[in-house]
Structures are given as C-alpha cells and as structure tokens.
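Student: Just so we're aligned, residue 398 is where the sequence shown starts under my numbering, counting upward by one.
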Amino acid sequence: MEVPGLAERMAAIMCVDADLNSDSEEDRLSEGNAKRCVSEVLENEITEANGNVRWLELEDLDIDDETLSSLDLSTKCPGLFALSLCGNKLENVEVVVQEVTKFKNLRALWLNNNPVVQNW
Numbered sequence: 398m399e400v401p402g403l404a405e406r407m408a409a410i411m412c413v414d415a416d417l418n419s420d421s422e423e424d425r426l427s428e429g430n431a432k433r434c435v436s437e438v439l440e441n442e443i444t445e446a447n448g449n450v451r452w453l454e455l456e457d458l459d460i461d462d463e464t465l466s467s468l469d470l471s472t473k474c475p476g477l478f479a480l481s482l483c484g485n486k487l488e489n490v491e492v493v494v495q496e497v498t499k500f501k502n503l504r505a506l507w508l509n510n511n512p513v514v515q516n517w
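1) Check whether the Cβ atoms of E454 and S481 sit closer than 8 Å, and answer yes or no.
2) Please classify E456 as buried or exposed, where buried requires at least 16 other C-beta atoms within 10 Å of its C-beta.
3) In whole angstroms, what is the alpha-carbon distance linking V514 and N502?
4) Do N489 and N511 come within 8 Å of each other at the CB atom, strictly closer than that value?
5) Express the C-alpha separation of D461 and N449 in angstroms, rounding to a whole number.
6) When burial is assigned at 16 or more other CB atoms within 10 Å of the CB, is L458 buried or exposed?
7) What's the gap between the Cα of L506 and the Cα of A479?
8) Would you decide whether E384 is buried or exposed? Buried here means 16 or more other CB atoms lie within 10 Å of its CB.
9) For the alpha helix (DSSP H) that L503 lies in, which residues bound it at each end?
10) What is the DSSP secondary structure of E440, counted as helix, strand or coil?
11) Which residues in the same chain have their Cβ closer than 7 Å to the Cβ of S466, if we skip the five residues on either side of it in sequence?
12) In this structure, how does DSSP classify E491 when only helix, strand and coil are distinguished?
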C-alpha cells in the first residue's frame, strides 16, 4: 500500500535532520530552537495530511521526555496508527507509555536508538 506524500515527508524530515546534526549548527542551536524545529515538522505533517495524520516520523530531532509531553500528539493527530520516534533522547518509560497510550488507533511504535529502550 502506497502512503500518499511519504517521499515528501521523508525528504522534509531528512532536511531538518541534516541541519540539526551539522557541527556548526549544533553549537548554536538552543533547546528552544530544537523544540521549535520539532513543532515546525509536526505542523508541516499535519498541514500536508489535511489534519488527518496516519503515519508520523519524528526521527533524530533530539526529542526528550519533556518535549514529547509538550507536543500533545494525541490531540493533534488523533487518527495516528504509526509513530516513529527513532534516534531521539527519550529516557523515561512512564512518560513514553503515558503519551502513546493516549492514541486509540496506534498500531505501530518505533523507539529504536533512544535511551528508553535500555531502561525498559
């Protein structure tokens, strides 16, 4: 099954990822700017999906537990069935469980390359 706009969404995420991982940018990037970048990626995904996001990839965006909670993903993407949070900074099992159990239709979750995987 082809997911509409997947290539475009992946390209957008890869561009943000490249910016966040460059050494010169990383030195100048504050926590507030990182959160704004995550919010911008999320808002872009919501806009592209006309508010009906089914598949969301928020990978390698330095999302920590506090940021995950503040994104309010279950309200912004209530129909989400697949969520990838690979390569972030999630550490607290309770926070992750609290956030993902808010989704009624979530069927797939990727947490690879997060500290929380070792804490599980």
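Note that CB positions come from ideal geometry on N, CA and C, so glycine has one too. The structure presented is a predicted model; accordingly, all values stated were derived computationally and were not measured.
Tutor: Here's the rundown:
1) The residue labelled residue 454 in the question sits at position 57 within the sequence shown. The residue labelled residue 481 in the question sits at position 84 within the sequence shown. Result yes, Cβ atoms of E454 and S481 sit closer than 8 Å.
2) As a first step, residue 456 is located in the sequence shown; it is residue number 59 there, counting from the start. Buried, since its Cβ has 16 or more Cβ neighbours within 10 Å.
3) What you label residue 514 is simply residue 117 of the sequence shown in a count that begins at 1. What you label residue 502 is simply residue 105 of the sequence shown in a count that begins at 1. Each residue's alpha carbon lies about 22 Å from the other.
4) Start at 1 with the first residue of the sequence shown, and residue 511 comes out as number 114. Start at 1 with the first residue of the sequence shown, and residue 489 comes out as number 92. Not a contact, by the Cβ cut-off of 8 Å.
5) One-based indexing of the sequence shown puts residue 449 at position 52. One-based indexing of the sequence shown puts residue 461 at position 64. Approximately 25 Å between the Cα atoms of the pair.
6) Indexing the sequence shown from 1 puts residue 458 at position 61. Buried, since its Cβ has 16 or more Cβ neighbours within 10 Å.
7) Counted from its first residue, the sequence shown places residue 506 at position 109. Counted from its first residue, the sequence shown places residue 479 at position 82. Roughly 6 Å separates the two Cα atoms.
8) Outside the modelled stretch of the chain, which goes from 398 to 517, sits residue 384, for which no answer is possible.
9) Taking the sequence shown and counting its residues from 1, one reaches residue 503 at position 106. No alpha helix (DSSP H) contains L503, which DSSP labels as neither H nor E.
10) In the sequence shown, residue 440 corresponds to position 43, counting from 1. If DSSP states are grouped into helix, strand and coil, E440 belongs with the helices.
11) Start at 1 with the first residue of the sequence shown, and residue 466 comes out as number 69. Taken in chain order, the residues that qualify are V492 and E496.
12) Numbered from its first residue, the sequence shown carries residue 491 at position 94. In the structure shown, E491 sits in a helix (DSSP, three-state: H, G or I).
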